[in-house]
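Down below is the structure, laid out as structure tokens.
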């Protein structure tokens, strides 16, 4: 039996969530937009950046979230850095609440929204590290459907928890019901995921002893007495401990049977700083010291506004950064993002947010010493809000949010990246290449589309193992084929891409270089992209085929 969430047009590609008439535009999976990998351009940088490899910097993309994710997954220069290596993905996607804002559009029907999110989550899954996690932040409108969708993509066994953020600190007096909470569904990349806890800082009353160094501690008996405390339950916990008078103390239970210690020999140790003896009625009893502040508590799923801030606090943070402007209806406070990043990542880890908005995720990640990647679809939002905010973080002039609490004074840097327009144009005569797709830019776009490293070298534009890429933005015939083959090194093969192929070219290549091939643009480029898209969808379909007994109750 298989579990699956279905909706209209799930088998199609969502080209546009809302056209000029307000309706979604669906196309078949072989449409060029369904699998195109866009060309990227580094425009400039801010602060200190990595001169050796710009792909390994903090990156601010301008472009659609789907195109951004495809580039990270498919283009070799990016894929080496990020595919299977992203520690934490936080996304605050369109909530589908029926509201439209100048800088944020979240109007979609349920089926449109599900298709929109599914395409992006499939790519996020490929980017996520085995010990990573993805956090999807939503309100009531779609959170229940999102759980089902994430079960389908990540697998129900990889569900970690649903965190609830108390976003409201003032009741909505004009509403019939105050909607006080948002939801953050968390799924892991694999079994290696381990959330970070919080060190207990308060000294509770039971820490009623003080050692020679003035540290508070309490005692915990080593002798187990409850269920599962017999030697047979944990044989490795059956051993003797020498008492202060030299006698051997064994974990004998009160009924005289063989018991066990709470910890093994490696943890009990023989150090008086960890083991303490108490004499009662002439009998020595071993205890282990537990020091205040050395234990951690697991993260709680209730995120109170008194701890992590509210939506109102987040708006005040934005107003401090951009006085007199309030373009974002539901910004997130930096303290909330600090909590999320603490639980799911550590210093130096990679954090990704493909719905950048005002840049809260990237700003907090930067202050907390994480590497970050973010994208925002609207150039105006990037220019007016996202980039200026991150520039202030780098300069140390952003004194709001968590800056004071963590002592942020500036540093680091980032690169700005733009995603190009589509290489394809759909016309009444078929799919054509765009006017800009010529010379080096066409060759770079083809390299990304076919998964070649961009390595311009004479006739060649890229490499993938022993396969070289040669791109012609015009016609190729037998003579051009001979030039390409002559330039190949021993055991190398070529993939030749041209906009037109003359008779005899393919036969000549087959004769001179077995294993080499010719692809006609854009027809064969679309086919290659469609094949990758189908493989990704087929993998998702296989993940759906979950037996009922494998699903946790």
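In this note's numbering, the protein residues as written are 3 to 555.
In this text, a Cβ means the ideal position worked out from N, Cα and C, and glycines have one as well.
Beta-carbon spacing of residue 470, residue 494 below 7 Å: Contact flag set, yes.
With 16 other Cβ atoms within 10 Å as the buried cut-off, status of residue 405: That one is buried.
Residue 341, buried or exposed, once every other Cβ within 10 Å from all chains shown has been counted against 16: Buried.
Selected residue, minimal CA-CA separation from residue 348, among 374, 491, 113, 431: Between residue 348 and the set 374, 491, 113, 431, the nearest pair of CA atoms involves 374.
Under 7 Å between C-beta atoms of residue 61 and residue 151: Not a contact, by the Cβ cut-off of 7 Å.
Beta-carbon proximity list for residue 293, same chain, < 6 Å, skipping 5 on both sides: Excluding positions up to five away in sequence, the list reads 217, 219.
Contact between the region 330 to 341 and the region 304 to 314 (3+ Cβ pairs under 8 Å): Contact between the region 330 to 341 and the region 304 to 314 is present, because at least three Cβ pairs lie under 8 Å.
Member of 33, 36, 47 whose CA lies at the smallest distance from the CA of residue 418: If we check each option's Cα against that of residue 418, 47 comes out closest.
Terminal residues of the beta strand (DSSP E) in which residue 164 lies: Counting along the chain, the unbroken beta strand (DSSP E) around residue 164 starts and ends at 161 to 168.
Three-state secondary structure assigned by DSSP to residue 279: It is a strand residue.
Integer-rounded CB distance, given that residue 93 should sit under 8 Å from residue 355: So it is a contact: roughly 6 Å between Cβ atoms.
Chain-order list of residues whose beta-carbon lies under 7 Å from that of residue 321 (same chain, five-residue window excluded): If we look at residue 321 and ignore the five residues flanking it on each side, its Cβ neighbours are 328.
Local conformation of residue 64 per DSSP, three classes: In this structure, residue 64 counts as strand in the three-state DSSP scheme.
Sequence-distant residues of the same chain with beta carbon closer than 7 Å to residue 395, five excluded per side: Around residue 395: 365, 368, 369.
Close beta carbons around residue 43, own chain, < 6 Å, minus the five adjacent residues each side: Result list for residue 43: 420, in chain order.
Contacts around residue 160, its chain only, beta-carbon distance under 6 Å, and the 5 residues preceding and following it disregarded: Answer for residue 160: 189, 190, listed in chain order.
Residue 410 in three-state terms, based on DSSP: DSSP places residue 410 in the coil class of the three-state scheme, outside both helix and strand.
CA nearest to the CA of residue 17, picked from 527, 197, 512, 121: Comparing C-alpha distances from residue 17 to each of 527, 197, 512, 121 shows the shortest one belongs to 121.
Cβ neighbour criterion (16 or more within 10 Å) applied to residue 231: With 16 or more other Cβ atoms within 10 Å, it is buried.
Closest by C-alpha distance to residue 66, when choosing among 82, 35, 89, 86: For residue 66, the closest of 82, 35, 89, 86 by C-alpha to C-alpha distance is 35.
Secondary structure of residue 102, DSSP reduced to three states: Only weak support is given to the placement of residue 102: the predicted model assigns it a pLDDT of 42, under 50, and the question is left unresolved by the model.
Opening and closing residue of the alpha helix (DSSP H) in which residue 345 lies: Following the DSSP letters along the chain, one finds residue 345 inside the alpha helix (DSSP H) bounded by residues 336 to 346.
Whole-number beta carbon distance between residue 523 and residue 500, since they are thought to touch under 8 Å: So it is a contact: roughly 7 Å between Cβ atoms.
Boundaries (first-last residue) of the alpha helix (DSSP H) holding residue 124: First-last of the alpha helix (DSSP H) with residue 124: 112 to 129.
Same chain, Cβ closer than 7 Å to residue 280, neighbours up to 5 away in sequence not counted: Only residues of its own chain outside the window of five on either side were considered, and among them 287, 289 have a CB closer than 7 Å to the CB of residue 280, listed in chain order.
Residues of its chain near residue 515, where Cβ-Cβ distance is below 8 Å and the 5 sequence neighbours each way are ignored: So the list reads 487, 490, 495, 496, once near-sequence residues are dropped.
DSSP-derived helix/strand/coil call for residue 301: Coil at residue 301, not helix or strand.
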